[in-house]
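Undergrad: Numbering follows the numbering used here, with no gaps: position 28 of the sequence shown is 32. This structure is in structure tokens; I'll ask about it shortly.
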Amino acid sequence: RTTEDSKIARRKALEIAFQFFQLGREGNCVDTVTFGLMIRVCIKLSDDDGARLKLVEPLFKMCAKNGLVGNMVTREMGHLKKSLIADDQLPREWTINVGKER
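Take a look at the structure:
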């Protein structure tokens, strides 16, 4: 496989992941694990730090707005070079719905 083929495959996998994520949102079925997995997918399949941040930042903001910043989300966010959160300073409203899903 060439590098270009690999880039195309990763881009396609990201598109598919976002399609499933959107279906989950439409069905009101997203939880802290869903956000954690999407953030992990974006980090693993993005080409560079700029692209990662561009994909992850809106997901994280949506997660925080929904009060679903749990352990998996904070762990995955720790893999970014530019941190968007300080682990010991999570506002309560960012975590208020963790464990209440479903």
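Positions of the beta carbon are idealized from the N, C-alpha and C atoms, including for glycine. In this text the structure is predicted, and so the values were computed from the model without any measurement.
Using 8 Å for Cβ pairs, my map puts isoleucine 43 next to glutamate 80. What's the rounded Cβ distance?
TA: 4 Å
Undergrad: Going by beta carbon distance, what residues of the same chain come within less than 8 Å of aspartate 53, once the five residues before and after it are set aside?
TA: Leu84, Lys85, Lys86
Undergrad: If I measure Cβ to Cβ from glycine 28 and keep anything under 7 Å in the same chain, skipping five residues before and after, which residues do I get?
TA: Val34, Thr38
Undergrad: Taking only the alpha-carbon atoms, compute the straight-line gap between alanine 17 and leucine 49 and give it to the nearest angstrom.
TA: So the alpha carbons of these two residues sit roughly 8 Å apart.
Undergrad: Rounded C-beta distance between asparagine 101 and leucine 63? I'm assuming under 8 Å.
TA: At roughly 16 Å, the Cβ-Cβ gap does not stay under 8 Å, so asparagine 101 and leucine 63 are not in contact.
Undergrad: Using only CA atoms, which one of Glu61, Gln93, Ala55, Glu30 lies nearest to glycine 40?
TA: Glu61
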